[in-house]
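What follows is a single structure, written as structure tokens, with notes after it.
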Amino acid sequence: MKRQQQHLLRQQVWKKLQSISLKDIAWIVAGSFILSFGVNYFTVPNDFSEGGLLGVTIILYYMFGWDLGVTSIIGNGILFIVGYKLLDRRTMVYSVVAVIATSFFLSLTHDWGSPAEDKLLAAVYAGIMIGVGIGMVLRVGGTTGGGVIIARLMERYLHMSVAVSMFIIDAIVVGASGFILGEQVVLYTLIAIIIGSWVIDLVAEGLNIRKAVTIISDKQEELAVVLTETLGRSATIIHGHGYYTKQDKNMLYMIVDKRQVGPLKKIVEVTDPRAFVVIHQVKEVIGEGFSYPSR
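Numbers 24 to 318, taken from my numbering, label the letters of the sequence shown in order.
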């Protein structure tokens with residue numbers, strides 16, 4: 024019976040993970056438009072480049088005048104055919120939608136932009152717009168092109184992590200743009216990419232920065248009462264054993280907002296100045312009081 028329940032649970036989880044939402048599709052299309060607008064309004068008119076397959080598409084446009092949308096869909100199409108097994112069904116569907124939408128909007132907006140007087144400001148806005156667009160696509164589980172597939176292939180056959188592979192791909196593309204377009208273009212491109220990377224994380228993961236706090240103290244009960252009442256956050260007491268002291272020690276574990284770290288440290292300092300406190304950066308928190316309201 025237990026095995027049947029586990030099997031049913033696995034099926035439910037898999038179905039949930041693979042479900043395709045029209046809301047997600049709309050989000051991807053909107054993100055693809057913002058991305059394309061950023062490329063054609065800020066990047067291309069000012070002779071900037073980009074990383075990944077998008078950067079290759081832009082370089083080919085500069086060299087041969089090939090339409091960005093057509094080049095994008097051909098290049099991504101080839102990579103999707105080669106590496107379709109590396110992505111799950113939902114990610115593949117969302118990625119195909121993103122590529123088709125981006126290619127369409129790249130062709131639609133190709134003549135919307137004009138050269139800016141302030142190149143630095145144009146690079147900043149290019150990074151913001153492209154970052155917002157890509158972040159929106161990633162937020163719902165899609166990808167914006169075949170660069171991810173290349174990275175997955177490198178991970179499988181060259182045993183490199185996806186992050187390292189993506190960095191190498193971007194470095195090669197940006198370096199190539201430097202030979203073709205000049206050093207100054209590379210500097211502006213790097214500014215746009217750095218800002219874009221930050222914005223991608225911001226949009227894909229959200230503005231709410233959380234911190235995990237572990238407190239080792241002889242006054243766990245007092246700390247738990249004061250911290251939960253003052254900060255409005257729940258706490259968990261974890262039983263531990265000190266290797267050096269050979270004594271049992273309780274640890275207080277909490278998740279708090281970034282702005283609550285300061286008050287928390289003051290409370291700990293007043294309650295138990297000898298407490299050992301570790302504060303961790305948290306990637307994401309899902310649960311009552313964070314991703315949905317407390318009951």
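Each residue gets a CB set at the ideal place from its N, CA and C atoms; glycine is no exception.
Starting from residue i, follow its DSSP beta bridges and name the residues at the other end.
i	result
Val-305	Arg-233
On a Cα-Cα basis, can you pick out the residue from the options that is closest to residue i?
i	options	result
Gly-170	Gly-61, Ile-223, Ile-153, Phe-190	Phe-190
Gln-283	Phe-87, Phe-60, Leu-254	Leu-254
Ser-126	Tyr-267, Thr-167, Glu-244	Thr-167
Ile-214	Val-197, Ala-227, Leu-204, Leu-225	Val-197
His-146	Phe-71, Gln-270, Gly-263	Here the sequence assigns Ala to residue 146, which means His is not the residue at that position. Looking at the Cα atoms, Phe-71 is the closest of the given residues.
Val-279	Phe-65, Ile-232, Glu-178, Asn-63	Ile-232
Ala-247	Ile-57, Asp-295, Met-177, Lys-269	Asp-295
Leu-109	Ala-174, Leu-225, Val-301	Ala-174
Please work out which residues of its chain come closer than 7 angstroms, Cβ to Cβ, to residue i, disregarding the five sequence neighbours upstream and downstream, and give them in chain order.
i	result
Gly-61	Ala-149, Met-152, Ile-153, Gly-156
Met-277	Val-236, Leu-250, Arg-256, Ala-258
Short of 8 angstroms in beta carbon distance, which residues of its chain neighbour residue i, apart from the five on each side in sequence? Order them along the chain.
i	result
Ser-137	Pro-68
Ser-95	Leu-76, Leu-77, Thr-80, Val-122, Thr-125, Ser-126, Leu-129, Gly-168
Ser-42	Arg-113
Between the C-alpha atoms of residue i and residue j, what's the straight-line distance to the nearest angstrom?
i	j	result
Glu-244	Arg-297	15 angstroms
Ala-124	Gly-205	31 angstroms
Ile-223	Asp-193	15 angstroms
Trp-135	Glu-73	18 angstroms
Ala-227	Trp-221	10 angstroms
Val-236	Lys-272	16 angstroms
Lys-142	Leu-91	22 angstroms
Gly-100	Arg-112	16 angstroms
Asp-47	Val-163	6 angstroms
Apart from the five residues just before and just after residue i, which ones in its own chain have a Cβ nearer than 6 angstroms to its Cβ?
i	result
Gly-165	Ile-51, Tyr-117, Ser-118, Ala-121
For this session: Kindly provide the ranges of any beta strand (DSSP E) runs that are 3 or more residues long and lie completely inside the stretch 232-302, ordered along the chain.
Result: Complete beta strand (DSSP E) runs here, min 3: 233-239, 259-264, 271-280.
Exercise. Could you give the uninterrupted runs of the alpha helix (DSSP H) lying entirely in the stretch 61-111, keeping only those of 4 residues or more?
Worked result: Segments of the alpha helix (DSSP H) lying fully in the stretch 61-111: 75-87, 91-106.
Problem set entry | Continuous alpha helix (DSSP H) assignments of at least 4 residues falling wholly in the stretch 105-162 | Secondary structure remark: continuous alpha helix (DSSP H) runs of at least 4 residues inside the stretch 105-162, in chain order: 112-131, 142-162.
Exercise. Fully enclosed by the stretch 183-233, which alpha helix (DSSP H) runs are 4 residues long or longer?
Worked result: Counting only unbroken stretches of 4 or more residues, the alpha helix (DSSP H) elements lying wholly within the stretch 183-233 are 185-204, 206-228, in sequence order.
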